[in-house]
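Numbering (the numbering used here), first residue to last: 930 to 1136. Worksheet: the structure to be examined is printed underneath.
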């Protein structure tokens, strides 16, 4: 009988030990699972943070080089006449890359005849025809695709000189000529589509 009790006690102890070992093994397994999940969470958090930081950095870079083209019509008074200059300037903080340029006359698309060789020059000629205006076209040039305009830079589209009928005329005559020139120049318009060096966004200058 005593042997029986001892045997049962031994078996119970062995079973308890086995159960405890199984429980500890299960706890260890779940601990490993927990540690793995925590590690994955930390890695994902670090990845997400790094990605967000990178995106913020890229957005900052894009804004740091964003161009801004504006129309610049300038008249320069000279002793013998007036110079009219049609241009665009980049008031942004990064270079602009021209995509395309379109012209308008009296609010309608201007495609020209092709006989002048350049739309910018032909548009100027249409606004100031030689049979009505005494003028000399100094420069004209359409901005083609890929043309760059640096920050704080300027690109002249067309310019012309309008002489006074009599040299050294009064300031009032200069102003009258300037007013007449600008009135005709207002008939001309252009639209310039451009992008930044990132080439992910496009903007359009319409005059």
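Note that the Cβ used here is the ideal one computed from N, Cα and C, for glycine as well.
When DSSP assignments are scanned along the region 1000 to 1039, the uninterrupted stretches of beta strand (DSSP E) that are 3 or more residues long and fall wholly within it turn out to be 1010 to 1019, 1025 to 1034, 1037 to 1039. Taking each of 1125, 1117, 1135, 1102 in turn and checking the Cα distance to residue 1034, the smallest one comes out for 1117.
The residues 1015, 1066, 1069, 1087, 1089, 1117, in chain order, have a CB closer than 8 Å to that of residue 1053 in the same chain once the five nearest residues on each side in sequence are set aside.
Non-local C-beta neighbours of residue 1056 in its own chain, meaning closer than 7 Å and more than five positions away in sequence, comprise 1113, 1114, 1116, 1117, ordered along the chain. In the assembly as shown, residue 1071 is a buried residue. Its beta-carbon has 16 or more other beta-carbons within 10 Å.
Straight-line spacing of the CA atoms in residue 1059 and residue 1102 works out to 21 Å.
For residue 1074 and residue 1095, the gap between their C-alpha atoms comes out near 42 Å. The beta carbons of residue 1017 and residue 1110 sit no closer together than 8 Å. Closest in C-alpha terms to residue 1062, from the list 1041, 996, 1092, comes 1092. Taking the Cα positions, residue 1003 is about 16 Å away from residue 1105.
According to the DSSP assignment, residue 1110 belongs to the alpha helix (DSSP H) that extends over 1100 to 1114.
Distance from the CA of residue 997 to the CA of residue 1032, rounded to the nearest whole angstrom, comes to 19 Å.
Residue burial annotation: residue 1083 is exposed, with fewer than 16 other C-beta atoms found within 10 angstroms of its C-beta.
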